[in-house]
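Engineer: Take a look at the following structure, please.
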Amino acid sequence: MRHKSGPTPAPLGSGPLIGILRNESENIVHAWVTEINRVPFSKVSEITSPVSVRSDRFRNYFGSLIEYAADPSSLKARESLRIALRSEHLRTLDLSRVVMNQHALRKVLYDIIESKMPSESRDVAKDQACSIVDLGVLETSALMGEYAQLQSVLNNCMSSTPGVRSELDHAFAKFCRNTMDYFDADFVSVFRLLEDANDMICLSCAAKGVVLSRGTMIPLNRFTMAAEAIDQRTTKTCVSNHWSPMQRKKIMGNLSFEHCLAVPLIHDNEVEGLLFIGDNTGPTPFTPDEVSLAEEIGADVMKIINNVDMFERLSIMSRAQRALIETAANLQQEIESSEVFRIIGDKMSELIPCNELTFYVFDWSRNICNPAYATGPYTSEIMEDRNFPVDVGYIGHVSRTKKAEIILDTEDDPRGDQIPGTPVMHCRMLVIPILGRKEVLGVIELTKYPPDTFSKEDLEVATLFANHAAVAMENAQLLKEVSRTRDQMELYMDLMTHDIANYTTPMIAYIDSIGSRRDLDAQMASAVKTLSSQMDNIMQMVDMVRTMHKVRHNGSPRIMPFRLEDAIHRAITETKNRVKDKSLEIEVRMSGEPVSVMADELLSGLFVNLFVTAAKSTRQDPVKLLVHVEPRREGRNEMWWVKISQPGRSIPDNLKREVLRMTKAAKSELSGGFGMGLATSRAIAERYVGSMWITDMVPGTPSNGCVFNISLPRAP
């Protein structure tokens, strides 16, 4: 709008004073410059500038002031005066100095009147001179108010919390109105550059006529002036000589302007946006001084945009960190894949608002992809599109590149593939691969409808969530494999402990029946005896497996005091019944006091498995074992230390730990190893919060024999 500064003053026309001032303009300007130079309140660049430059500028201002005083209704005269004032504003510390300069002009005019006009006309002429100077002061004051409001809005934007979007939008709208008043323009708008999309998005706008709403997208190919300003990184005014007639007619989309100004907003040598000022009613184009003022204002706007960007980035990352922590906590409690997909998808939609989200999962064994979770208006259509090839559409593209990508237009991009049943739409899409340790596990697609789009911060946050999704998916797959393996182990356990035992029991009965026949020849009797021994070994193996299964899967044991001596003697008796092909010599040395430990009904099994394994894993006959029990203290705990020595049994240092585990290094008893007997004994000891380890009878000399050490908690 054109600024109105109160009632229009009475014109002085071509009266004698106007004529004298026009004729004496050079002397007036010279005297004015001399007076002002005495007390400079200007910028350094102004103080060091040549006097002739300032004289030219003051001459333009004085000429515009005289023309406006002669005809205050002249739009061109007033516009010229305000242009001259803005030029002075550029070179002074503030507009108040411009007012002081005009008071100096008043003194110069008085001196001219005293020297050039008759005495009877001087008082009237001085009143007219005051009116002329007051016109300049009045316009300066109006300009001061407009600029002060403009700066106030910018300062508020810098000092206020930029996270409140409504307040920021209101402040930008007010800034555009103030800028429009200050430059006497018809249109002011601030744009943000979407570089990847080659579009400008309107952040705010003020206009006498058509106003662009916030979020309006204008392609750069329909905003040629902005395209040139951005490409050349310099302010552009009016139109270029090489523009076509259509380009001259339409500056911004379908909007046209006689005079316009496009200021690129630059940060770190990158164009981030544009300040655009357009005018159709002003008589003159924008001057170089006005261009410089607009560039200074544009720099302030860029600072605000940077401030907002920084705050939003910090806010997004802060919310992302909180969401990631919450998501990680929720995922730890979930093992179902479907729930993992839902948690990741919902949290990502919450942090990155979108119209649609789809979670796709790959099945590389069949080279197909399936939707696992979806939100949005076309969820049913998306979920029905199943078992499609892994190389289709954006999903296939990011699965090959393994890089997240922002798709600016889903229909114009040839890599896309239409989902049956969904409409053709020009959308923005964020596609993120979920990278596992060995392969791409899936893809997450987020979709926004125009004019909304995705930012680099959105891509970073989505990538963080994709990393969480990858870990969660691999954990879920691992749990599935563990569960499947556990089920298989349960099946094998049933076969071992039930079916094999059921088949073996009647076989043992038949063999015993055959072995009891008196007419059996010696060779056959020997074979039957060997077969019977092997069948006993099978049943003992079944018993070991049952014991190990019970130790590992029966939960917390019911611990109570047990007499250790009784458990050891029962184990000796049972061991002799099991090992019939060798003679056993087991010597037990107990402490003089009663020895009780905290254990359960499996305590005897601990020693049975150890004794049987020790006997069957050696070729010695007889097998000699020495059992010695003594007290032991482990930290604050009172324990009983059971040492079972086997002379002549050598266990190398590198196998002392391995034979207590069910590993290949333990070997089968049939190949000179220990099988699973020692591992079962160790598992029972640890069931009671005890321990088991192996040492040499003579430290550093394994060939002299080994010691099986068992530590069990002492009963109170």
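For what it's worth, the working numbering labels the leading residue of the sequence shown as 340, then goes sequentially.
Glycine included, C-beta positions come from ideal geometry on N, C-alpha and C.
(1) Using the rule of at least 16 other Cβ atoms within 10 Å of the residue's Cβ for burial, across every protein chain shown, is proline 772 buried or exposed?
(2) Among the residues of its own chain, which have a CB less than 7 Å from the CB of phenylalanine 680, if the five just before and after it don't count?
(3) Which class does aspartate 702 belong to by DSSP, given the choice of helix, strand or coil?
(4) Which value, in whole angstroms, describes the spacing of the CA atoms of valine 647 and arginine 417?
(5) Given a cut-off of 8 Å on the beta-carbon distance, is the pair phenylalanine 950 and alanine 906 in contact?
(6) Phenylalanine 562: which of Ile540, Ala468, Glu611, Arg553 sits nearest, CA to CA?
(7) Let me check understanding here. Comparing Cα to Cα, which of Leu817, Gly781, Arg825 lies closest to asparagine 806?
(8) Taking Cβ to Cβ, would you say glycine 735 is nearer than 8 Å to glycine 755?
(9) When the Cα atoms are used, what is the spatial distance from arginine 1050 to glutamate 904?
(10) Can you give me the C-alpha to C-alpha distance between isoleucine 758 and aspartate 724, rounded to a whole angstrom?
(11) Taking the beta strand (DSSP E) that tyrosine 712 belongs to, which residues open and close that run?
(12) Three or more beta-carbon pairs under 8 Å between the segment 989-998 and the segment 1031-1044, yes or no?
(13) Excluding the five sequence neighbours on either side, which residues of its own chain have a C-beta within less than 8 Å of the C-beta of serine 1010, listed in chain order?
(14) When the Cα atoms are used, what is the spatial distance from arginine 341 to threonine 518?
(15) Threonine 576 bridges to which residues according to DSSP?
(16) Could you compute how far the alpha carbon of valine 1058 sits from the alpha carbon of asparagine 976?
(17) Near leucine 551, what residues of its chain come up, given a Cβ to Cβ distance below 7 Å and the 5 sequence neighbours on each side ignored?
(18) Out of curiosity, what's the CA-to-CA distance linking leucine 774 and threonine 740?
(19) Let me make sure I understand the geometry here. Which of Asn814, Ile616, Val770, Leu769 has the alpha-carbon closest to that of arginine 776?
(20) Reducing DSSP to helix, strand and coil, say where threonine 1040 ends up.
(21) Who are the Cβ neighbours of asparagine 399 in its own chain at under 6 Å, not counting the five residues just before and after it?
(22) Identify whether proline 728 lies in helix, strand or coil by the three-state DSSP scheme.
(23) Taking the alpha-carbon of threonine 952 as reference, which of Phe511, Thr1019, Glu973 has the nearest alpha-carbon?
(24) Return the residue from the list Gly1029, Pro961, Glu365, Val800 that minimises the CA-CA distance to arginine 393.
(25) Step through the CB atoms of chain D and report whether any lies within less than 8 Å of the CB of serine 704.
(26) Hey, which unbroken runs of the beta strand (DSSP E) at 3 residues or more fall wholly within the segment 736-793?
(27) Just to confirm my understanding: we take methionine 874, look at its own chain, exclude 5 residues before and 5 after, and list those with CB closer than 8 Å. What are they?
(28) Thinking just about the alpha-carbon of each residue, which of Thr1040, Tyr1027, Arg857, Gly944 is nearest to the one in proline 986?
(29) Between Arg516, Ile643, Val968, which lies nearest to proline 933 when the distance is taken from Cα to Cα?
(30) By the DSSP assignment, the beta strand (DSSP E) with aspartate 570 in it spans what residues?
(31) Determine the burial state of tyrosine 788: buried for a count of at least 16 other Cβ atoms within 10 Å of its Cβ, exposed for fewer.
(32) With distances taken Cα to Cα, identify the nearest neighbour of proline 603 among Ala487, Ala464, Pro692, Leu532.
(33) Is the separation between the beta-carbon of aspartate 939 and that of arginine 897 shorter than 8 Å?
(34) Give me the residue from Met556, Lys513, Pro970 with the minimum Cα distance to proline 1052.
(35) Cα separation between lysine 919 and tryptophan 703?
(36) Round the Cβ separation of glycine 1044 and serine 984 to the nearest angstrom and send it over; I've been treating them as touching at under 8 Å.
Structural biologist: Reading it off the structure:
(1) The residue in question, proline 772, is buried, as its Cβ has 16 or more Cβ neighbours within 10 Å.
(2) Phe698, Ala711, Tyr712
(3) strand
(4) Answer to the nearest angstrom: the Cα atoms are 38 Å apart.
(5) no
(6) Ile540
(7) Gly781
(8) Taking 8 Å as the Cβ cut-off, glycine 735 and glycine 755 do not qualify as a contacting pair.
(9) The sequence given here has serine at residue 1050, not arginine. Rounded to whole angstroms, serine 1050 to glutamate 904 spans 15 Å at the Cα level.
(10) Whole-angstrom Cα-Cα distance: 7 Å.
(11) 707-714
(12) Segments in contact, yes.
(13) Note that serine 1010 scores a pLDDT of 39, beneath 50, so its modelled location is shaky; the value from the coordinates is reported in the next line. Hits under 8 Å: none found.
(14) Only weak support exists for where arginine 341 lies, its pLDDT of 44 falling under 50; the value from the coordinates is given anyway. Those two C-alpha atoms are separated by around 12 Å.
(15) Leu600
(16) One cannot answer for residue 1058 here, as it falls past the ends of the chain, which runs 340 to 1055.
(17) So the list reads Ser528, Cys541, Cys544, once near-sequence residues are dropped.
(18) 11 Å
(19) The shortest CA-to-CA distance from arginine 776 to any of Asn814, Ile616, Val770, Leu769 is the one to Asn814.
(20) strand
(21) Ala423
(22) Strand, per DSSP.
(23) Thr1019
(24) Glu365
(25) Absent here is chain D; the protein component of the structure consists of one chain.
(26) 744-746, 767-774, 779-787
(27) Contacts found: Thr843, Met846, Ile847, Ile850.
(28) Between proline 986 and the set Thr1040, Tyr1027, Arg857, Gly944, the nearest pair of CA atoms involves Thr1040.
(29) Val968
(30) Here aspartate 570 belongs to no beta strand (DSSP E); instead the alpha helix (DSSP H) covers 563-571.
(31) exposed
(32) Leu532
(33) yes
(34) Pro970
(35) 56 Å
(36) 6 Å
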